[in-house]
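Using numbering that gives the first Met the number 0, read the sequence shown as starting at 0 and increasing by one per residue.
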Amino acid sequence: MVFFPGELSMELLLVPSEEPSGSGTQKLMCSGWGFNPKIKWLSESEQRSAADNEIRMGEDGHVTLTSHITVTQQEWNEGKVFICEVDDKDLQKTVRKSTSLCTGSV
């Protein structure tokens, strides 16, 4: 991903499962790039807790924050929409992306 100074960027991905189909869960990954990015997960207007977060600092001072959530196969199959929102107070910007089984992509 290319990062431009003063811009907030993000990426939302469905992580391929290492378990057999129908294993019971789906994993989503969201990455945000900025100076002080914060990630919030939402589904059906309710905030979801991240399974884990990883923070990395670039040589240029930009921060990459990566967050994962695990959702049940039932929620995924029902077509629930999952939203990743990345907010950076230093840049005064917020970006969001969503995904679901119905969209087939992020």
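Yeah, the Cβ is synthetic: ideal placement off N, Cα and C, and Gly gets one too.
Every value quoted in this text rests on a predicted model; they were computed, and no experiment measured them.
Per DSSP, the unbroken alpha helix (DSSP H) holding E74 starts and ends at Q72 to N76. Across the structure, V85 and C101 are spaced so that their CA atoms are roughly 23 Å apart. Beta-carbon to beta-carbon, H67 and M9 are separated by about 14 Å, too far to satisfy the 8 Å threshold. Non-local beta-carbon contacts of S99 in its own chain, meaning distances under 7 Å to residues more than five positions away in sequence, involve G78, K79, V80 and F81 in chain order.
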